[in-house]
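Peer 1:
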Amino acid sequence: MKRSGLTITCMLLLLLLVSGRVSAETHQELVENYIDLSGMGEMLRSLPTEMDALASQRSLTSRHPDVESRVYRMVRESFDVRKAKQSLSAYLLHHTDTSYVEDILRWLNTPLARKITREELSASASGQQANMLHYLADLQATPPPQRRIALVQEVERVTHLSELTTRIVMEVTRGMMESINLALPEGDREPLDDNLEEMETMGPVIREGFRQQMILTSFYAYRNISDKELADYIGFYDSDLGRREIRITGDALGHVLREWFAEFGRRLAAAAKDESGKTGQTPQDPTPKESTPF
């Protein structure tokens, strides 16, 4: 009887463990873990700060500073991190499967991936800018070995960091240009096709600027990472799974940004319609066009 009771108890415990494992590994929950571990959640949380930096730059050259300032404030206030994560999650659920997310999570939970993520977060923390500049000044005075230089540059190449950053900046800039134009009085609106085309042609120049910036930042961020660890990190992102992860990350973040500005455009359209009802004017359709990632 004792053995029978022990067997039943073990079976119940096993069932509970299996049940808990299954419930914790649904596609939805795997995607949520992926968003947090991959850094995409942190990217979304940092977008308002990036908006502030862009607004400060634009304020120096804008022909309609009051309108732009108002639109920037409205766009920033309209950004809901919770909704953005929901949009990101929905996109990933549609464009990935459980097997893929499990494979990525296995990589992100390795000691190497965790160490590099930890070092990257530490390097980008508030108050690190002065330390990084001092480190880079010392680095210029005493350059690292050529192998180290090659490894850091290779990290930037295989992770496509400059391309991803350029893509995000271009999406935000495009959305802001369209939103600001919509907020202007109808007689002051300008055709944006030429401006958008010019921005697209500037893409390679912007990307090269970010490439140089990312490489310099990486020397500081990876200062506690060995050459062997960097080589292993490069090996993952130069694999089929690593390349797929980079592509999906870029596509997912671009999707979230386009949805954000499309929703803001609809709000502007509704506001313009309400205003036209008071003045008796017929507004033009101000809904921003969906952009195609470059």
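Going letter by letter, the sequence shown gives residues -24 to -1, 1 to 270 in mature numbering (1 follows the signal peptide of the UniProt record, and there is no 0). We treat Cβ as the ideally placed atom computed from N, Cα and C, and that holds for glycine.
1. Just curious, the alpha helix (DSSP H) that residue 46 is in, first and last residue?
2. Between the alpha carbons of residue -19 and residue 65, how many angstroms are there, rounded?
3. For residue 198, which three-state DSSP category applies?
4. Ignore the nearest five residues each way along the sequence and tell me which others in residue 197's own chain have a CB closer than 6 angstroms to its CB.
5. Could you check if residue 107 is buried or exposed, using at least 16 other CB atoms within 10 Å of its CB as the buried criterion?
6. What whole-angstrom Cβ distance do residue 153 and residue 171 have, given they're in contact under 8 angstroms?
7. If you run the structure through DSSP and keep just helix, strand and coil, what is residue 170?
8. Closer than 8 angstroms is the cut-off here; do at least three beta carbon pairs connect the stretch 226 to 236 with the stretch 50 to 66?
9. Taking only three categories from DSSP, how would you classify residue 107?
10. Does DSSP put residue 3 in a helix, a strand or coil?
11. Counting along the chain, where does the alpha helix (DSSP H) carrying residue 60 start and finish?
12. Checking 8 angstroms against the spacing of the C-beta atoms, do residue 7 and residue 57 come in under that value?
13. Span of the alpha helix (DSSP H) holding residue 118?
14. Excluding five sequence neighbours on each side, which residues of the same chain lie with their C-beta closer than 6 angstroms to the C-beta of residue 159?
15. Given a cut-off of 8 angstroms, decide if residue 135 and residue 222 are closer than it, judged by their beta-carbon atoms.
16. Considering only the beta carbon of each residue, do residue 30 and residue 84 sit closer than 8 angstroms?
17. Please return the same chain residues whose Cβ sits closer than 7 angstroms to the Cβ of residue 139, not counting the five positions on each side in sequence.
18. Kindly indicate the opening and closing residues of the alpha helix (DSSP H) around residue 162.
19. Which parts of the stretch 177 to 240 are runs of the alpha helix (DSSP H), unbroken and 4 residues or longer, counting only runs that do not cross its ends?
20. How is the alpha helix (DSSP H) around residue 99 delimited, first residue to last?
21. On a CA-only basis, which of 238, 228, 246, 241 is nearest residue 19? Give me that one, please.
22. Nearest-angstrom Cα distance between residue 21 and residue 193?
23. From this set, 91, 244, 151, which residue's C-alpha is nearest residue 200's C-alpha?
24. Applying the 10 Å Cβ sphere with the 16-neighbour rule, what's the burial state of residue 211?
Peer 2: The structure says:
1. 41 to 54
2. Its pLDDT being 47, under 50, residue -19 is placed unreliably in this model, and the value from its coordinates should be taken loosely. If you take the alpha carbons of residue -19 and residue 65, they lie about 43 angstroms apart.
3. coil
4. Once the five neighbours on either side are set aside, the close Cβ partners of residue 197 are 95, 96, 99.
5. Under this definition residue 107 is an exposed residue.
6. 6 angstroms
7. helix
8. yes
9. helix
10. Here DSSP, grouped into helix, strand and coil, assigns residue 3 to helix.
11. 57 to 71
12. The answer is no: Cβ separation not under 8 angstroms.
13. Counting along the chain, residue 118 falls outside any alpha helix (DSSP H), and DSSP gives it neither H nor E.
14. 43, 47, listed in sequence order.
15. With contacts defined by Cβ atoms closer than 8 angstroms, residue 222 and residue 135 form a contacting pair.
16. Between residue 30 and residue 84, the gap from beta carbon to beta carbon reaches 8 angstroms or more.
17. 183
18. DSSP places residue 162 outside any alpha helix (DSSP H), giving it a letter other than H or E.
19. 179 to 197, 203 to 213
20. Taken as a continuous stretch (DSSP letters only), the alpha helix (DSSP H) holding residue 99 covers 87 to 99.
21. 228
22. 20 angstroms
23. 91
24. exposed
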